[in-house]
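K.L.:
In the numbering used here, the protein residues as written are 56 to 241.
#1: Quick check on residue 128 - is its C-beta less than 8 angstroms from some C-beta in chain C?
#2: Please name the residue or residues paired with residue 106 in a DSSP beta bridge.
#3: Could you tell me which of 167, 90, 131 and 97 sits nearest to residue 146, measuring between CA atoms?
#4: Under the assumption that residue 78 contacts residue 60 (Cβ atoms under 8 angstroms), give the Cβ distance between them as a whole number of angstroms.
#5: So residue 138 and residue 202 are in contact, right, with Cβ under 8 angstroms, and what is the actual spacing, rounded?
#6: State yes or no: is the C-beta of residue 115 within less than 8 angstroms of the C-beta of residue 64?
#7: Using only alpha-carbon positions, find the residue among 204, 209, 181 and 212 that is nearest to residue 24.
#8: Rounded to a whole number of angstroms, what is the C-alpha to C-alpha distance between residue 132 and residue 164?
#9: Which of the three DSSP states, helix, strand or coil, is assigned to residue 62?
#10: Is residue 176 closer than 8 angstroms to residue 149 when the C-beta atoms are compared?
#11: Assess, as a yes-or-no matter, whether the segment 116-124 is touched by the segment 206-221 under the definition of 3 or more beta carbon pairs within less than 8 angstroms.
#12: How many whole angstroms separate the CB atoms of residue 66 and residue 107, which I take to be in contact at a CB cut-off of 8 angstroms?
#13: Restricting to Cα atoms, I'd like to know which of 157, 130 and 141 is closest to residue 104.
#14: Does residue 143 come out as helix, strand or coil in the three-state DSSP assignment?
#15: Could you work out which residue in 206, 204, 209 and 169 is closest to residue 190 when comparing CA atoms only?
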């Protein structure tokens, strides 16, 4: 299962999600050993590579996660084709991604929409699948059927050039979302 997080510039939200998810997969090795889950991130904007926002690096560092070597990646059709699941933080990013790669429609969702689907399916009972990756795929396959039972998903605010408080709030939202996803499929 290849998870791709996508935001605008691949300097804030998608970096938080990528590095936090990787760290949680390692921390919960007993739950995710041999799950075959890989995590990457990219941004819709096409500009030269940039490091992660210093606020992001500091927030992750406070959790023992080193993102200091991160360099932004611009999303391409090739990158999105290789992903099994693409989670965006804004609806406009989904539109941009689908303009670039219309075949990604079945594997792209708003981050908080997928988090809501994970929570719903976890609460409804066991999720089909032998591995965590299988269960993630099962949730992706079921989203269109269960969407009427899900709350409307909020977009995740872009903290770029905002206060430290906004960065902290966004990071807390992403951490909670990633933990909800992983708890649902562990």
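Cβ atoms here follow ideal geometry from the backbone N, Cα and C, with glycine treated the same way.
P.N.:
The answer reads as follows:
#1: In summary, chain C is missing from the structure at hand, where a single protein chain is found.
#2: Walking along the chain shown from the start, residue 106 turns up at place 51. Per DSSP, 126.
#3: By one-based count along the chain shown, residue 146 stands at place 91. Cα-wise, what sits closest to residue 146 is 167.
#4: Translated into positions along the chain shown, residue 78 becomes position 23. Translated into positions along the chain shown, residue 60 becomes position 5. For a cut-off of 8 angstroms, the C-beta gap from residue 78 to residue 60 is around 14 angstroms, too long to register as a contact.
#5: For the purposes of this step, residue 138 is taken as the residue at position 83 of the chain shown. For the purposes of this step, residue 202 is taken as the residue at position 147 of the chain shown. At roughly 21 angstroms, the Cβ-Cβ gap does not stay under 8 angstroms, so residue 138 and residue 202 are not in contact.
#6: Here residue 115 is taken as the residue at index 60 of the chain shown, counted from 1. Here residue 64 is taken as the residue at index 9 of the chain shown, counted from 1. No. Outside cutoff.
#7: The question about residue 24 has no answer, for the chain in this structure spans 56 to 241.
#8: In the chain shown, counting from the first residue as 1, residue 132 sits at position 77. In the chain shown, counting from the first residue as 1, residue 164 sits at position 109. So the alpha carbons of these two residues sit roughly 16 angstroms apart.
#9: Counting from 1 along the chain shown, the entry for residue 62 is found at position 7. Per DSSP, reduced to three states, the secondary structure at residue 62 is strand.
#10: Taking the chain shown and counting its residues from 1, the one referred to as residue 149 is at position 94. Taking the chain shown and counting its residues from 1, the one referred to as residue 176 is at position 121. No, the Cβ-Cβ distance between residue 149 and residue 176 is not below 8 angstroms.
#11: Result no; under three Cβ-Cβ pairs closer than 8 angstroms.
#12: Here residue 66 corresponds to residue number 11 of the chain shown, with the count starting at 1. Here residue 107 corresponds to residue number 52 of the chain shown, with the count starting at 1. Rounded to whole angstroms, the Cβ separation of residue 66 and residue 107 is 6 angstroms, and the two are in contact under 8 angstroms.
#13: For the purposes of this step, residue 104 is taken as residue 49 along the chain shown, with counting starting at 1. Looking at 157, 130 and 141, the one whose alpha-carbon comes closest to that of residue 104 is 130.
#14: Counting from 1 along the chain shown, the entry for residue 143 is found at position 88. Annotated three-state conformation of residue 143 is strand, per DSSP.
#15: Taking the chain shown and counting its residues from 1, one reaches residue 190 at position 135. Among 206, 204, 209 and 169, the Cα nearest to that of residue 190 belongs to 169.
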